[in-house]
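Only one structure is covered here, and it is reproduced in the block below.
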Amino acid sequence: MKLITKELEQINTTFEYGRSLGIVRAVAKNDEYDGRNLILDGKETVFLGNCSYMGLDQNQEIKDAAKNAIDKFGMYFSSSRTFVGLELFEQMEEKLEEMFEKPVNVTTSTTFAHISNLPILIGKNDAIILDNYVHSSMQTAVNMMRNNGEHVEILRHSRLDLLEDRIKILSAKYNNIWYMIDGIYSMMGDGAPMKELEFLMNKYEQFFVYADDAHGTSWTGKKGVGYVLNEIPFHEKLFIGMSMSKGFGTGGGLMVYPDKASKELVKNLGKTMIFSGPPHPAAAAAAIKSAEIHMRPEFADLQLDLKRKIEYFWKKANQLSLPLSGNYATPIFFIGAGNTENTAYTAKALLDSGFFVSPCTFPSVPKNKTGIRITLSRYITLKDIDNLLEMVNHIYLQLEKMGKMDREQVKRRFTEKSTKELILS
Ligand SMILES: Cc1ncc(COP(=O)(O)O)c(C=O)c1O
Numbered sequence: 009m010k011l012i013t014k015e016l017e018q019i020n021t022t023f024e025y026g027r028s029l030g031i032v033r034a035v036a037k038n039d040e041y042d043g044r045n046l047i048l049d050g051k052e053t054v055f056l057g058n059c060s061y062m063g064l065d066q067n068q069e070i071k072d073a074a075k076n077a078i079d080k081f082g083m084y085f086s087s088s089r090t091f092v093g094l095e096l097f098e099q100m101e102e103k104l105e106e107m108f109e110k111p112v113n114v115t116t117s118t119t120f121a122h123i124s125n126l127p128i129l130i131g132k133n134d135a136i137i138l139d140n141y142v143h144s145s146m147q148t149a150v151n152m153m154r155n156n157g158e159h160v161e162i163l164r165h166s167r168l169d170l171l172e173d174r175i176k177i178l179s180a181k182y183n184n185i186w187y188m189i190d191g192i193y194s195m196m197g198d199g200a201p202m203k204e205l206e207f208l209m210n211k212y213e214q215f216f217v218y219a220d221d222a223h224g225t226s227w228t229g230k231k232g233v234g235y236v237l238n239e240i241p242f243h244e245k246l247f248i249g250m251s252m253s254k255g256f257g258t259g260g261g262l263m264v265y266p267d268k269a270s271k272e273l274v275k276n277l278g279k280t281m282i283f284s285g286p287p288h289p290a291a292a293a294a295a296i297k298s299a300e301i302h303m304r305p306e307f308a309d310l311q312l313d314l315k316r317k318i319e320y321f322w323k324k325a326n327q328l329s330l331p332l333s334g335n336y337a338t339p340i341f342f343i344g345a346g347n348t349e350n351t352a353y354t355a356k357a358l359l360d361s362g363f364f365v366s367p368c369t370f371p372s373v374p375k376n377k378t379g380i381r382i383t384l385s386r387y388i389t390l391k392d393i394d395n396l397l398e399m400v401n402h403i404y405l406q407l408e409k410m411g412k413m414d415r416e417q418v419k420r421r422f423t424e425k426s427t428k429e430l431i432l433s
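Residue numbers (this note's numbering): 9 to 433.
Now the structure itself:
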């Protein structure tokens with residue numbers, strides 16, 4: 009089969025190389041899975057790419073709720089909710105509305121949430137500004153709308169100085185200006201500057217924010233409402249897509265709206281709301297239980313447990329002078345490696361030492377910022393963190409000895425203001 013472009017051919021070659029090393033598209037041959045250990049190549053390996061930050065995917069109450077729903081309703085209820093849905097799906101929405109204290113729609117994925125939301129919320133004479141690092145699911149949803157005639161442009165990552173200029177210019181020509189962001193950026197782990205964005209929403213009547221807070225869900229904010237809503241109170245011009253597939257532990261997407269009218273409009277007219285199926289009954293019942301757990305006072309203790317681990321990781325990585333992408337207190341850590349070759353070498357050496365991390369190269373990160381991404385879940389122990397980071401340091405010392413890496417130079421790449429960086433859109 010012929011690949012379309014030289015660039016895709018190159019990406020494919022890198023991918024196949026990673027595959028031959030077992031560091032991408034790895035297959036865990038676990039008979040049972042506990043959230044921490046993967047059986048890779050016959051060996052127990054610590055899973056440092058797990059986004060189930062709170063460990064709720066293995067929670068017994070949630071698993072029991074899912075099993076019970078299968079017994080009562082079967083594996084699937086096969087009709088679009090536009091025609092008819094189970095009361096269980098309504099109960100799921102109601103429980104999530106109790107948690108977020110705002111109107112909510114549920115979908116089977118966050119990508120589907122964006123695909124339903126954007127064409128309904130964004131008008132034909134509106135302008136869309138995509139942060140350069142915004143998740144691919146949002147870029148996909150925006151690309152699907154391009155034929156409608158909306159103006160779309162890309163802005164360098166979190167450059168609010170440039171954003172304000174664009175708002176001023178675009179306001180003269182377009183009805184509303186939408187800035188599309190991640191709450192917590194999925195690769196580097198940094199949070200969007202929500203307080204500044206709140207200021208801009210107040211200052212410019214035509215300015216709206218649409219945030220994908222998939223990686224901010226559950227581990228932070230009161231009741232786990234996420235990064236965005238922990239930073240600022242709800243705003244009438246703020247729309248949020250969240251995920252139930254990461255910290256929430258049950259699978260699927262959800263959307264939080266500032267008002268009921270927006271919710272109902274998307275529920276009636278959103279493409280995936282009409283033409284795609286409902287959540288699995290097991291996932292719906294699991295979500296109800298997970299939301300209940302989020303609303304218990306002791307949920308804050310689970311968040312604190314993870315936050316302590318995040319802080320421990322961050323301190324230890326800094327002590328070892330590892331080139332972190334930034335000083336962010338989030339469960340996503342990105343350690344630069346300088347280039348694709350070093351990234352593959354590091355991920356493979358870690359795998360051989362019993363740690364599975366995610367090697368990240370273009371197009372998921374800019375070409376000059378390749379490295380390894382580590383996600384911290386509650387399954388990971390402080391000892392795991394020590395062992396992992398000491399091993400990364402050991403590998404980097406080897407690379408430095410071979411003259412293949414300069415940590416200070418790698419670090420600088422993350423502190424320089426982005427110029428012309430592109431990731432795949
Ligand atoms: C920020 C972000 N948004 C959306 C998605 C896609 O989520 P889903 O698989 O539910 O479509 C991901 C996937 O990991 C993500 O990281």
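By construction, the Cβ of each residue, glycine as well, lies at the ideal position given by its N, Cα and C atoms.
Since this is a predicted model, take the numbers as computed values, not measurements.
Which whole-angstrom value is the C-beta distance of ILE137 and MET188, which I expect to be below 8 Å?
With 8 Å as the limit, ILE137 and MET188 qualify as a contact, their Cβ atoms being about 7 Å apart.
Report buried or exposed for HIS165, applying the criterion of at least 16 other Cβ atoms within 10 angstroms of its Cβ.
Buried, since its Cβ has 16 or more Cβ neighbours within 10 Å.
Please determine, among PHE422, LEU96, PRO289, ASN326, the residue with the shortest C-alpha to C-alpha distance to ILE78.
Ranking PHE422, LEU96, PRO289, ASN326 by Cα distance to ILE78 puts PRO289 first.
Return the CA-CA distance between HIS438 and ALA219, expressed in angstroms with no decimal places.
As displayed, the chain neither begins before 9 nor continues past 433, which places residue 438 out of reach and without an answer.
Name the two residues that bound the continuous alpha helix (DSSP H) containing SER124.
That run of the alpha helix (DSSP H) goes 118 to 129.
Using DSSP with H/G/I as helix, E/B as strand and the rest coil, what is LEU328?
LEU328: coil per DSSP, three-state reduction.
Just how far apart, CA to CA, sit LYS110 and ALA200?
Using only the alpha carbons, I get a separation of about 21 Å.
Count the other CB atoms within 10 Å of the CB of GLY458; is the residue buried (16 or more) or exposed (fewer)?
The chain is shown only over 9 to 433; residue 458 falls outside these bounds and no answer can be derived.
By Cβ distance, which residues of its chain are closer than 6 Å to ILE382, with the 5 residues on each side in sequence left out?
If we look at ILE382 and ignore the five residues flanking it on each side, its Cβ neighbours are LEU56, PHE341, VAL365.
Helix, strand or coil for SER366 per DSSP?
Note: SER366 maps to strand in three-state DSSP.
According to the Cβ coordinates, are THR351 and PRO367 closer than 8 Å?
Against a cut-off of 8 Å, the Cβ pair of PRO367 and THR351 comes out as a contact.
If you draw a straight line from the alpha carbon of LYS80 to that of LYS271, how long is it in whole angstroms?
Each residue's Cα considered, the two are about 29 Å apart.
For ligand 1, any of its heavy atoms closer than 7 Å to the Cβ of SER194?
True, at least one ligand heavy atom lies under 7 Å from that Cβ.
Out of GLN68, ILE177, LEU205, point me to the one whose CA is closest to LEU168's CA.
Measuring from the Cα of LEU168, the nearest candidate turns out to be LEU205.
In whole angstroms, what separates the C-alpha of GLY344 from that of ALA325?
So the two alpha carbons sit approximately 12 Å from each other.
Closer than 6 Å is what we want: which residues have a beta carbon that near any heavy atom of ligand 1? List them in chain order.
Qualifying residues, in the order they occur: SER117, THR118, THR119, HIS143, SER145, ASP190, SER194, ASP220, ALA222, HIS223, SER251, SER253, GLY261.
Could you give the distance in angstroms between the alpha-carbon of LEU104 and the alpha-carbon of THR115?
The alpha-carbon atoms of LEU104 and THR115 are separated by roughly 12 Å.
Measure the Cβ-Cβ separation of LYS356 and LEU48 and say whether it is below 8 Å.
No, these two residues do not count as a Cβ contact at 8 Å.
Does ALA73 have its Cβ less than 8 Å from a Cβ in chain D?
The displayed structure is made up of one protein chain only, and chain D is not part of it.
Tell me where the beta strand (DSSP E) around THR258 begins and ends.
Per DSSP, THR258 belongs to no beta strand (DSSP E) and is neither H nor E.
Alpha carbon to alpha carbon, how far is LYS71 from ASP42?
The straight-line gap from Cα to Cα measures roughly 13 Å.
Beta-carbon separation of ASN113 and MET250 under 8 Å?
Taking 8 Å as the Cβ cut-off, ASN113 and MET250 do not qualify as a contacting pair.
Run through DSSP, which three-state label would ALA180 get?
DSSP places ALA180 in coil when its eight states are reduced to three.
Three-state secondary structure (DSSP) at ALA294?
It is helical.
Terminal residues of the continuous alpha helix (DSSP H) containing THR351?
Run containing THR351: 348 to 360, per the alpha helix (DSSP H) assignment.
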